[in-house]
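Heads up: the sequence shown at position 30 corresponds to 29 in numbering that gives the first Met the number 0, and the numbers run straight through without jumps. Quick reminder that beta carbons are idealized off the backbone N, C-alpha and C, glycines included. Note sheet for the following structure.
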Amino acid sequence: MARDFFPPVPPTRGVRPTPGDVVVAGLAVTLDLLAYLVPGEEGPGAPVTVLGVLLIVVSVIPLLFRRHHPVPALGAALAVQMAVNLGLAVEPGDPVSNTYGAAVTVGLYTVARYCGRWPVVLGVVATAPVQLARHWQNDVPFLGMGITDLMVTPCLIVGIALAVRQWQHQLNINRTLLADRAVTEERRRIARELHDIVAHHITTMYLMSGGARSTMDRDPETAREALVTLEDSGRTALHEMRQLLGVLRSTETAEEAPSEPQPGVHDIERLVADSAAAGLPTEFHVTGRARPLPMTVGLTLYRIVQEALTNARKHAGPARATVRIGYLPDRVTVEVTDDGAGGGDPGTARSGGGYGLLGMRERIALHDGSLHVGNRPEGGFAVTAEVPLPADTHDEQEQHVQYVQHTMDETHETHEKDGTPR
Numbered sequence: 000m001a002r003d004f005f006p007p008v009p010p011t012r013g014v015r016p017t018p019g020d021v022v023v024a025g026l027a028v029t030l031d032l033l034a035y036l037v038p039g040e041e042g043p044g045a046p047v048t049v050l051g052v053l054l055i056v057v058s059v060i061p062l063l064f065r066r067h068h069p070v071p072a073l074g075a076a077l078a079v080q081m082a083v084n085l086g087l088a089v090e091p092g093d094p095v096s097n098t099y100g101a102a103v104t105v106g107l108y109t110v111a112r113y114c115g116r117w118p119v120v121l122g123v124v125a126t127a128p129v130q131l132a133r134h135w136q137n138d139v140p141f142l143g144m145g146i147t148d149l150m151v152t153p154c155l156i157v158g159i160a161l162a163v164r165q166w167q168h169q170l171n172i173n174r175t176l177l178a179d180r181a182v183t184e185e186r187r188r189i190a191r192e193l194h195d196i197v198a199h200h201i202t203t204m205y206l207m208s209g210g211a212r213s214t215m216d217r218d219p220e221t222a223r224e225a226l227v228t229l230e231d232s233g234r235t236a237l238h239e240m241r242q243l244l245g246v247l248r249s250t251e252t253a254e255e256a257p258s259e260p261q262p263g264v265h266d267i268e269r270l271v272a273d274s275a276a277a278g279l280p281t282e283f284h285v286t287g288r289a290r291p292l293p294m295t296v297g298l299t300l301y302r303i304v305q306e307a308l309t310n311a312r313k314h315a316g317p318a319r320a321t322v323r324i325g326y327l328p329d330r331v332t333v334e335v336t337d338d339g340a341g342g343g344d345p346g347t348a349r350s351g352g353g354y355g356l357l358g359m360r361e362r363i364a365l366h367d368g369s370l371h372v373g374n375r376p377e378g379g380f381a382v383t384a385e386v387p388l389p390a391d392t393h394d395e396q397e398q399h400v401q402y403v404q405h406t407m408d409e410t411h412e413t414h415e416k417d418g419t420p421r
């Protein structure tokens, strides 16, 4: 940090000036024109030339692109200021402006803000002959204002720029820390939810094994179906256990998993009703043939809809929202749209600093799915997610789920009749 002031901020890419750059350039040309046109203490009514006005206007044009090309912007401002100070834009013998030059000030600030050490040093040095030429043209003693222009003013400009650079650098560090903390908290939350889901599947495996054992002799077909369900639950539990281990971190402390059942895709309709009751009219549509989904997939879709509707209520203003669930042969999609205010930068996505979006991406990444967020061309905001389904998710899964409940009841009845240990 000490060797190169503060870590350089790379100039922004692109060619389009920002509204802020337009405002800065407008203020700079206004101040420089006023300093050039308004008579000063040297004498009333010093004549001006069209060339002088044109030079000042041209000097601020590079300021529109100062974030992309900071050094050329400063060079253009210094060249024009030198031309004016040498009397090229006024009648011979007439005084020139005693101002430092707004375009030069903005250019030097931009170089100090975005460039490394040597461009800043060279920029400060380059301002010296420009100011010496002005004092020579006006026949002003070097002491006093001359020392201020040569040393104090450029150092003050650079100091302000470096202070802003340090503040921005620290702000970026804080944002990164907050984002990392949000990701960690979201991963811990996902891990707790996956823990509950894996526990459910292991409980199902325990009950199915007990049901198969108790019905093996008197009903081999029922026992075979129980073993099929046991195999399916074991495969699902293994897949979700891998997800759980991928989320957990060895440095995290274990927390008690929630005891209440985890929500799923069947609870999204309740989210829609709650959203409408909270003041955001929301419609709910389902396309395709609805079918049971893996619990982790249903939970992911539920959390995405929950976060998207929460953001819409916070940021969309007076608007209407629509939730669409689409069932396809190999995947399921969810789309949450609203017709309110847009979200600005899609990278932040209306999510309280982007942390809600981070949580969505973490959940989608568990399933190798895709997530798209951003403004809609027709107005409003959209959150669209797509989750691929496992190869063994088919119609027989619904029959297995129903059979699980039937076998659980039968197993409990058998234990109560013969006193078999469970």
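query                                                                                                                                                                    : result
To the nearest angstrom, how far is the alpha carbon of VAL372 from that of GLY379?                                                                                      : 11 Å
Identify the residues that DSSP records as bridge partners of ALA384: which are they?                                                                                    : VAL333 and LEU370
If you follow the beta strand (DSSP E) that GLU282 is part of, which residue opens it and which one closes it?                                                           : 281-286
Closer than 8 Å by C-beta to LEU327: which residues in its own chain qualify, once you throw out the five before and the five after it? Chain order, please.             : GLY287
Using only alpha-carbon positions, find the residue among VAL124, GLN167 and ALA125 that is nearest to TYR113.                                                           : GLN167
Checking 8 Å against the spacing of the C-beta atoms, do ILE267 and VAL304 come in under that value?                                                                     : yes
What does the Cβ neighbour count give for GLU224, buried or exposed, with the cut at 16 atoms within 10 Å?                                                               : buried
Measure the alpha-carbon distance for ASP231 versus PRO219 and round it to whole angstroms.                                                                              : 18 Å
Run through DSSP, which three-state label would THR321 get?                                                                                                              : strand
Using the Cα positions of GLY19 and TYR108, report the straight-line distance between them to the nearest angstrom.                                                      : 15 Å
Is it true that the region 166-180 meets the region 116-124, where meeting means three or more beta-carbon pairs spaced less than 8 Å apart?                             : no
Only counting the same chain, and skipping five residues up and downstream in sequence, which positions put a Cβ closer than 7 Å to that of ALA275?                      : THR281
Rounded to whole angstroms, how far is the Cβ of ALA101 from the Cβ of ALA27, which I believe are closer than 8 Å?                                                       : 4 Å
Just how far apart, CA to CA, sit GLY358 and PRO389?                                                                                                                     : 22 Å
Could you tell me if THR17 is buried or exposed, where buried requires 16 or more neighbouring beta carbons within 10 angstroms of its beta carbon?                      : exposed
Closer than 6 Å by C-beta to GLY325: which residues in its own chain qualify, once you throw out the five before and the five after it? Chain order, please.             : THR286, GLY287 and THR332
Looking only at DSSP bridge pairs, what is TYR326 linked to?                                                                                                             : VAL331
According to the Cβ coordinates, are LEU62 and VAL23 closer than 8 Å?                                                                                                    : yes
Among MET204, HIS265, ALA178 and VAL103, which one has its Cα closest to the Cα of ILE156?                                                                               : VAL103
Tell me which residues share the same chain as THR299 and place their Cβ nearer than 6 Å to its Cβ, disregarding the 5 neighbours each side in the sequence.             : ARG362
Alpha helix (DSSP H) containing THR104: first to last residue?                                                                                                           : 101-113
Between which two residues does the alpha helix (DSSP H) carrying ARG312 extend?                                                                                         : 294-314
If you draw a straight line from the alpha carbon of TYR35 to that of THR29, how long is it in whole angstroms?                                                          : 10 Å
Which residues in the same chain as ALA178 place their Cβ atom closer than 6 Å to its Cβ, once the five residues preceding and following it in sequence are excluded?    : none
According to DSSP, is ALA72 helix, strand or coil?                                                                                                                       : helix
Classify ALA127 as helix, strand or coil using the three-state DSSP reduction.                                                                                           : helix
Suppose you measure from the CA of ALA307 to the CA of VAL382; what does that come to, to the nearest Å?                                                                 : 7 Å
Using the rule of at least 16 other Cβ atoms within 10 Å of the residue's Cβ for burial, across every protein chain shown, is ILE55 buried or exposed?                   : buried
Give the single residue among ALA222, ARG217, LEU270 and MET204 whose Cα lies nearest to the Cα of ALA211.                                                               : ALA222
Would you say TYR301 and GLY339 are within 8 Å of each other, going by their C-beta atoms?                                                                               : no
Enumerate in chain order the residues of its own chain whose CB-to-CB distance from ARG319 is below 6 Å, with the five nearest sequence positions on each side excluded. : PRO280 and ASP338
Quick one, which of ARG375, GLU377, PRO376 and ASP367 has its alpha-carbon nearest ALA384's?                                                                             : ASP367
Which of the three DSSP states, helix, strand or coil, is assigned to PRO18?                                                                                             : helix
Considering only the alpha carbon of each residue, which of VAL52, LEU161 and ASN310 lies closest to VAL335?                                                             : ASN310
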